[in-house]
Amino acid sequence: MSTAPTGPTGPASPGRRSADEVLLGFTRALRAAGVAVTQDRSQGFLAAVAAVGVDDRRATYWAGRATLCGSPDDLARYDQVFAAWFDPRDGLPRARPRETPRPAAAHLLPDAEGAGTEGEGDEDVVRARASAAEVLRHRDVATLDAAEKRRLAGMFARLSLRPPSRRTARHRRWHRGQVDAARTLRSSLRHLGEPGEIAWRRRGTRPRRVVLLVDVSGSMSAYADALLRLAHRLTQSARTTGGTVETFTVGTRLTHLTRALRSPDADRALVVAGEVVPDWSGGTRLGETLQVFLDRWGQRGMARGAVVVVFSDGWERGDAGLLGEQMARLQRVAHRVVWVNPHRGKAGYEPLQGGVVAALPHCDDFLAGHSLATFADLTGVIARA
Numbered sequence: 001m002s003t004a005p006t007g008p009t010g011p012a013s014p015g016r017r018s019a020d021e022v023l024l025g026f027t028r029a030l031r032a033a034g035v036a037v038t039q040d041r042s043q044g045f046l047a048a049v050a051a052v053g054v055d056d057r058r059a060t061y062w063a064g065r066a067t068l069c070g071s072p073d074d075l076a077r078y079d080q081v082f083a084a085w086f087d088p089r090d091g092l093p094r095a096r097p098r099e100t101p102r103p104a105a106a107h108l109l110p111d112a113e114g115a116g117t118e119g120e121g122d123e124d125v126v127r128a129r130a131s132a133a134e135v136l137r138h139r140d141v142a143t144l145d146a147a148e149k150r151r152l153a154g155m156f157a158r159l160s161l162r163p164p165s166r167r168t169a170r171h172r173r174w175h176r177g178q179v180d181a182a183r184t185l186r187s188s189l190r191h192l193g194e195p196g197e198i199a200w201r202r203r204g205t206r207p208r209r210v211v212l213l214v215d216v217s218g219s220m221s222a223y224a225d226a227l228l229r230l231a232h233r234l235t236q237s238a239r240t241t242g243g244t245v246e247t248f249t250v251g252t253r254l255t256h257l258t259r260a261l262r263s264p265d266a267d268r269a270l271v272v273a274g275e276v277v278p279d280w281s282g283g284t285r286l287g288e289t290l291q292v293f294l295d296r297w298g299q300r301g302m303a304r305g306a307v308v309v310v311f312s313d314g315w316e317r318g319d320a321g322l323l324g325e326q327m328a329r330l331q332r333v334a335h336r337v338v339w340v341n342p343h344r345g346k347a348g349y350e351p352l353q354g355g356v357v358a359a360l361p362h363c364d365d366f367l368a369g370h371s372l373a374t375f376a377d378l379t380g381v382i383a384r385a
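If you read the sequence shown in the UniProt record's numbering, its first letter stands for residue 1, the second for the next number, and so on.
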C-alpha cells in the first residue's frame with residue numbers, strides 16, 4: 001500500500017501544493033527586492049509555516065520574519081513585500097502576480113548573507129553585491145540614509161594614500177645619477193691609486209606633508225562626517241607609509257584635530273573630534289580662520305612646502321576679499337593648493353559663490369568631493385603633487 005508523499009507543509013494535496021507554491025513565490029519576490037534569501041532559508045520558512053499553520057496570517061508573518069531576514073536592513077523590505085504579496089481580505093495565502101524584480105543596485109547586501117551556501121540565486125547575490133558596492137561608491141554622501149552611511153564607512157578602509165615626496169639636500173648612494181667624486185676618490189686611494197669602480201649618487205627623497213582644512217559650517221554639515229572619516233583614513237594610511245597628515249577644522253574658529261584622529265578606530269576618533277570642535281554647523285569665516293592658520297601654523301613651517309587641501313563649498317559670510325588675500329598667501333607658502341567642493345561634481349553647478357570666486361585664482365586644483373569615488377581621485381592628485 002502506497003502512501004501519499006509529504007511536503008514541507010503536510011500531505012501533498014492540491015490545496016497544500018498551491019500553498020507551497022505561493023510561499024515559495026513570496027521568497028522569490030523577497031530575493032528580487034534585495035533580501036538575500038537562500039535555499040536553506042526558504043526551506044526553513046516552509047517548515048516554520050507548517051508548524052504555526054498556514055491559515056494564520058500573523059503567525060506566517062512572524063515565521064517569515066524570523067527565517068528570511070538576515071539583518072535590520074531587510075525588515076522594511078520584508079514588510080513591503082509581505083503586504084503586497086498576501087491579501088488578508090481573501091484569506092491566506094492568496095497568489096499575487098509576480099512583481100517585476102527591482103534592481104538591488106541601491107543597496108549593499110550584508111557580507112554575511114549567502115556565504116558558504118549553495119542553491120539557486122547564489123550567482124545573482126554575488127552580482128548584486130558587486131553592483132551595489134559600485135553604485136554606493138558613486139552616490140552623493142549627503143543623500144545616503146543611516147544604513148547606507150554605515151556601509152560606506154566600512155568602504156573607507158579601501159582608500160590608501162601614497163604620500164607625495166620631495167627631494168632633500170642630502171645625497172645617497174644610487175646605481176646611476178651623478179658621479180660621487182669624493183667616494184670614488186676614497187675608493188681609489190684604498191687601492192693605492194689604481195682605478196676602481198665609479199660611485200654614483202642622487203638626491204634623497206622624503207614624504208611631503210599633507211594639510212587638510214575641513215569646513216564644518218552649517219552648509220557643509222551633510223558632508224562633515226564623511227570628510228572627517230576621509231581625514232582619519234588618510235592619517236592612518238600616511239602613518240604606515242612614513243608620511244604626515246595634519247587636519248584642521250575651519251568655520252567660525254580654527255581647531256587642530258590631528259591628535260584626535262590618531263586613534264585606529266574611526267568611530268572613536270570621530271567621537272573625540274566631535275568633543276574637540278566647538279563650532280559644528282556654525283557660520284563660515286574662511287578668510288579669518290585661514291589667516292589664523294597661516295599666522296600660527298604656516299609661519300612655523302607646517303604649510304611651507306606642503307600639499308594643502310581645503311574642503312569647502314565656498315559660502316563665505318565674512319569678507320571674500322580677505323579670503324582671496326589669504327589664499328594668495330597660502331599659495332606662496334605651500335607646494336600645492338587643492339580646493340575640494342562637494343557641489344563641483346553635480347550637474348549644473350557653476351562656481352559663483354563669493355568665496356569660491358575669490359579662492360579659485362590661487363588654487364592649483366579644483367576637485368569634486370561628494371562621493372567615495374571622488375575621494376579616491378583626490379588621493380591620486382595628492383600622491384602626484
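Note that CB positions come from ideal geometry on N, CA and C, so glycine has one too.
Remember, it's a predicted structure, so these values are computed and weren't measured experimentally.
query                                                                                                    : result
Residue range of the unbroken alpha helix (DSSP H) whose run includes Ala-224                            : 221-241
Nearest neighbour of Ser-217, chosen from Arg-253, Ser-160 and Gly-283 [CA to CA]                        : Gly-283
Alpha carbon of Ala-19 to alpha carbon of Asp-55, nearest angstrom                                       : 10 Å
Residues near Ala-170 by beta carbon distance below 6 Å, same chain, minus five either side              : With the sequence shown as reference, residue 170 is identified as Arg, and Ala is not the correct amino acid for it. Cβ within range, chain order: Gly-204.
Inter-residue Cα distance where the pair is Gln-80 and Gly-25                                            : 15 Å
Through-space distance from Leu-290 to Met-327, alpha-carbon basis                                       : 8 Å
Rounded straight-line distance, which links the Cα of Val-337 to that of Val-309                         : 6 Å
Backbone secondary structure at Ser-217 - three-state DSSP                                               : strand
Distance, Val-272 Cα to Arg-259 Cα                                                                       : 9 Å
Cβ contact check for the region 143-162 and the region 186-205: 3 or more pairs under 8 Å                : no
Top-ranked residue by Cα proximity to Asp-279, from Met-220, Arg-209 and Ala-63                          : Met-220
Beta strand (DSSP E) segment containing Asp-265, residue limits                                          : Element bounds for Asp-265: n/a, residue is neither H nor E.
Secondary structure of Asp-365, DSSP reduced to three states                                             : strand
Residue range of the alpha helix (DSSP H) that includes Ala-83                                           : 73-85
Close Cβ partners of Asp-140 (< 7 Å) along its chain, the five nearest in sequence each way excluded     : His-370 and Ser-371
Of the residues Arg-41, Trp-174 and Thr-241, the one placed nearest Arg-202, counting alpha carbons only : Trp-174
Residue closest to residue 387, alpha-carbon to alpha-carbon, out of Arg-77, Val-210, Tyr-78 and Thr-184 : Any answer about residue 387 is impossible in this case: the structure gives the chain only from 1 up to 385.
From Asp-267, Gly-53, Gln-331 and Gly-242, residue whose alpha carbon lies closest to that of His-362    : Gln-331
Ile-198 burial status per 10 Å Cβ neighbour count (16 or more: buried)                                   : exposed
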